[in-house]
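In UniProt numbering, the protein residues as written are 1 to 447.
Even for Gly, the Cβ is constructed at its ideal location relative to N, Cα and C.
Nothing here was measured: the structure is a model prediction, and the numbers come from that model.
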Ligand SMILES: Cc1cc2nc3c(=O)[nH]c(=O)nc-3n(C[C@H](O)[C@H](O)[C@H](O)COP(=O)(O)OP(=O)(O)OC[C@H]3O[C@@H](n4cnc5c(N)ncnc54)[C@H](O)[C@@H]3O)c2cc1C
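Written out as structure tokens, the structure is:
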């Protein structure tokens, strides 16, 4: 055995698993197919333009991710700049809804959000959300299966949420965050994503990255793993796991036929990658749910501009348009740009087959309807798609998520799709990696 642990995938799940194990003096090897570490939290140069996997926000109530970063020597307050509000631009009206999200850090903005914005959301609209949220959080705790049988839209209709409140608040909070329209988004996933914020409401705020996510977050974790004696190989496409005559996993095989052996293997690839690598277990009863777990796509458009097109680099939503959520980034993530817009598109499926030119045309028109004029300011653009990396947040899917532990000796899973309380988020990926590391440590102790 060459390594204590071979980890496939250097996204946040693989990196967190690798760092935890390297800190416990385990000999760790990470294999990553991409030329950079970070997976869905990465930045790179795409044919001459600096891009990212898609714009991300670091949520103030996360705890596992900041703790991991601390171990890698990264201070969160130096990595992000904090926002206490979000903007919702109203199509065709040249107006915006300003919603304070931070009761402690930005109480005035929060109160203004609740009591102001009357021209867009009336008191009746706002009050219609009260039973929706109270019953939603209650059902999340007490009746999760029932809640998971509803879409966000069905649950909103059930609780008589007004059309305005649905369009200008619930759509940004569903399609804007996870790209799925509210009629296809599980109410359980919706409330589950916000549930951890309830007891930690005082920590709520959004962090905008001060640099590309590989550069400021993932590479420092990778560097720490290497400093502790681990190794990371990039550009390695793992295609299969190796087993011995007892069916125990003893390593992995790559596309080029190389074999890497370890006492334990962690598959921390995204869902679609994990299904391909684990193909030989497809008929194992304990893997049935993993293979049935459906995926969903994400699509983004990133535009390099001659000047900033939004006043501030804050999270912005564009309900009733293709711009699910977006941010100007020239003062934060891409500071060498004169102007930079990073947009998450909805519905993602509609954009996967479109050429970047076609997507740009749609986005320019929709941006105009939101009061953002891009004409004459566009220098360059790239479309970055994630065709199947996420597990689907549709109703009824959650029970299919596998745990990190598997029935196969020598094999553990990590990744945001595996069972942990934070759904498809950076925090969820880190928690899954930490749980996998605990299982591996225990298994190695038993060898
Ligand atoms: C557009 C977008 C916006 C997002 N916004 C937010 C946000 O604001 N806040 C938030 O918390 N989360 C956000 N997320 C979610 C977050 O990025 C993910 O939950 C998290 O990065 C998942 O980490 P992971 O390690 O589980 O998976 P990944 O990051 O996908 O890592 C898996 C790694 O495995 C590698 N791999 C796959 N197959 C193989 C193979 N065969 N061989 C070797 N390597 C392989 C991949 O290249 C990848 O690096 C967003 C995601 C996207 C795409």
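(request) Name, in chain order, the residues that DSSP records as bridge partners for residue 451. (result) Only positions 1 to 447 of the chain appear in this structure, which leaves residue 451 out of reach.
(message) Can you tell me where the beta strand (DSSP E) holding residue 302 begins and where it ends?
(response) 295-305
(request) Specify the secondary structure class of residue 29 as computed by DSSP and reduced to three states. (result) Per DSSP, reduced to three states, the secondary structure at residue 29 is strand.
(message) With distance defined between alpha-carbon atoms, name the residue in 8, 21, 20 nearest to residue 34.
(response) 8
(request) For residue 209, write down the residues that DSSP places opposite it in a beta bridge. (result) 80
(request) Pull up the DSSP beta-bridge partners for residue 405, would you. (result) 412
(message) Check whether the stretch 297-313 and the stretch 381-391 are in contact - that is, three or more C-beta pairs closer than 8 angstroms.
(response) yes
(message) Does the distance between the C-beta of residue 7 and the nearest non-hydrogen atom of ligand 1 fall short of 7 angstroms?
(response) no
(request) Using only alpha-carbon positions, find the residue among 117, 304, 104 that is nearest to residue 46. (result) 304
(request) Taking only the alpha-carbon atoms, compute the straight-line gap between residue 16 and residue 66 and give it to the nearest angstrom. (result) 11 angstroms
(message) ligand 1 and residue 17: does the residue's C-beta get closer than 7 angstroms to at least one heavy atom of that ligand?
(response) no
(message) Taking the beta strand (DSSP E) that residue 49 belongs to, which residues open and close that run?
(response) 49-52
(request) Return the chain-ordered list of same chain residues with a C-beta closer than 8 angstroms to the C-beta of residue 444, the five sequence neighbours on each side being excluded. (result) 4, 5, 26, 263, 264
(request) Kindly list the residues whose CB is nearer than 6 angstroms to the CB of residue 197, restricted to its own chain and excluding five residues on each side of it in sequence; keep chain order. (result) 61, 204
(message) Since residue 413 and residue 267 should fall inside the 8 angstroms C-beta cutoff, what is the C-beta to C-beta distance between them, to a whole number of angstroms?
(response) 5 angstroms
(message) Along the chain, where does the alpha helix (DSSP H) containing residue 195 start, and where does it finish?
(response) That residue, residue 195, is in no alpha helix (DSSP H); it is neither H nor E in DSSP.
(message) Please tell me whether, using a cut-off of 7 angstroms, the distance from the CB of residue 269 to the nearest non-hydrogen atom of ligand 1 is below it.
(response) Residue 269 Cβ: within cutoff of ligand 1.
(message) Taking a contact to mean a Cβ-Cβ separation below 8 angstroms, would you say residue 325 touches residue 177 in this structure?
(response) yes
(request) Could you tell me which residues DSSP puts in a beta bridge with residue 265? (result) 6, 411, per the DSSP bridge assignment.
(message) Measuring straight from C-alpha to C-alpha, what distance separates residue 164 and residue 248?
(response) 56 angstroms
(message) My assumption, with CB atoms under 8 angstroms, is that residue 318 sits in contact with residue 357. Please give the rounded CB distance.
(response) Between residue 357 and residue 318 the Cβ distance is about 20 angstroms, and since that is not below 8 angstroms, they are no contact.
(request) May I ask whether a heavy atom of ligand 1 can be found less than 7 angstroms away from the beta carbon of residue 56? (result) yes
(message) Pull the bridge partners of residue 325 from the DSSP assignment, please.
(response) 317, 344
(request) Could you tell me how far apart the beta carbons of residue 307 and residue 377 are, in whole angstroms, since I believe they sit closer than 8 angstroms? (result) About 6 angstroms separates the two Cβ atoms, so the contact holds.
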